[in-house]
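> Residues 382 to 646 in the working numbering are what the sequence shown spells out, letter by letter.
All C-beta atoms in this analysis are idealised placements derived from N, C-alpha and C, irrespective of residue type, glycine included.
The structure that follows is given in the form of structure tokens.
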Amino acid sequence: MHVGDIAIGGDEFVVMAGPCAVESERQVLDTAESVAKAGAHILRGGAYKPRSSPYSFQGMGLEGLRILSKARDLTGLAIITEVMSETDVDVVAEYADIMQVGARSMENFSLLERLGTCGRPVLLKRGMTATLEDLLRSAQYIAASGNPDVILCERGIRTFETATRNTFDVAAVPVLKTVCHLPVIVDPSHAAGVRALVPVLARAGVVVGADGLLVEVHPDPDKAASDGEQSLTFAQFDSMMLDLEPYLNLRPNADRRYAAAGGLD
Ligand code: PEP
Ligand code: MN
382 MHVGDIAIGG DEFVVMAGPC AVESERQVLD TAESVAKAGA HILRGGAYKP RSSPYSFQGM
442 GLEGLRILSK ARDLTGLAII TEVMSETDVD VVAEYADIMQ VGARSMENFS LLERLGTCGR
502 PVLLKRGMTA TLEDLLRSAQ YIAASGNPDV ILCERGIRTF ETATRNTFDV AAVPVLKTVC
562 HLPVIVDPSH AAGVRALVPV LARAGVVVGA DGLLVEVHPD PDKAASDGEQ SLTFAQFDSM
622 MLDLEPYLNL RPNADRRYAA AGGLD
């Protein structure tokens, strides 16, 4: 799958990084510059935010999309941002290179159908209580409506465990890659919920054969409007990228070994 000159689901491991929410031009431009320098390919940032409380920051909307597009012009990074509603699909598609469907929207079937004709690849996050079959059926809604360019994203699921925000289902990656041809990326930030665990979960994603990473990075996480506890500082993102390198170098061998073992029964 191609986004500009970036191939997703091929040999390259694609890194999407940036703040949970777009908060200001300065915040986004500084983050874009820093993550691009560290090797990210795509800038993330929510302009429309699905918040658990109606009293929390809901995002900057159109102004946020304009800021993301300015960051693309300045850095060359492609843009991924969430679309929450059918009525926002056209405006988000005007600014974004990849349309993100959040975990809470995985079963918004009318939104999924509308994304079938948006003309952009869609990154579909696994719902918090969705099985992998549920995720694949949602992907089929988008594909059956005319858009085969769907990227699947494992971002942790709800279990009885409370030590992490969600439980990272590491087996989701090899299972999905065995049963379908779509690229699979991991989001260690929403799985972990705390920044100290993000690099090790990212590493796990690489080792099990993910095609890329979606990770939250903020210039000053303690002051973030959303998801500050799980956001990496610029320095932490730099060191995570360095930490991943030896594992990325092992990747083709790991994939070959998996194929040689005959995949899943
Ligand atoms: C996000 O990416 O900031 C987000 C809201 O993620 P999720 O839909 O996985 O909770
Ligand atoms: Mn977030």
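Roughly how many whole angstroms lie between the Cα atoms of Ala553 and Glu535?
Going by the C-alpha atoms only, they are around 7 Å apart.
> For Met465, which option in Ala511, Leu629 and Leu496 has the closest C-alpha, if you only look at C-alpha atoms?
Of the candidates Ala511, Leu629 and Leu496, the one whose C-alpha sits nearest the C-alpha of Met465 is Leu496.
> Apart from the five residues just before and just after Gly527, which ones in its own chain have a Cβ nearer than 8 Å to its Cβ?
The answer, listed in chain order, is Gly497 and Thr498.
> Going by CA-CA distance only, name the one from Asp392, Thr456 and Glu444 that's closest to Glu406.
For Glu406, the nearest C-alpha among the options comes from Glu444.
> Take the Cβ of Val579 as the centre, count every other Cβ of all protein chains shown within 10 Å, and call the residue buried at 16 or more, exposed below.
Its Cβ being crowded by 16 or more others within 10 Å, Val579 is buried.
> Could you tell me which residues DSSP pairs with Arg425 in its beta bridges?
DSSP, once it has assigned bridges, lists Ile461 as partnering Arg425.
> With respect to 6 Å, is the separation between the Cβ of Asp655 and the closest non-hydrogen atom of the ligand MN below this value?
No answer is possible for residue 655: it lies beyond the span of the chain, which begins at 382 and ends at 646.
> What do you get for Gln521, buried or exposed, if any count of 16 or more other CB atoms within 10 angstroms of its CB means buried?
Exposed, by the Cβ-count rule.
> How many angstroms separate the CA atom of Glu597 from the CA atom of Val416?
When rounded, the distance between both Cα atoms is 10 Å.
> Who are Cys534's beta bridge partners in DSSP?
Partner(s): Lys506 and Ile566.
> Where does Gly391 fall in DSSP's three states?
Three-state result, Gly391: coil.
> How would you label Asn489, buried or exposed, when you count the other beta carbons within 10 angstroms and need 16 or more for buried?
Result: buried.
> So what does DSSP say about Val409, is it helix, strand or coil?
Residue state, collapsed to three classes: helix.
> Where does Met622 fall in DSSP's three states?
Helix.
> Run the CB neighbour count on Phe541, radius 10 Å, all protein chains shown included, and call it buried at 16 or more, exposed below.
Phe541 is exposed by the Cβ-count criterion.
> What does the alpha-carbon distance come out to for the pair Ile566 and Val588?
Distance between the alpha carbons of Ile566 and Val588 is about 12 Å.
> Does the beta-carbon of Cys561, which I'm using as the reference point, lie nearer than 6 Å to any heavy atom of the ligand MN?
The answer is no for Cys561.
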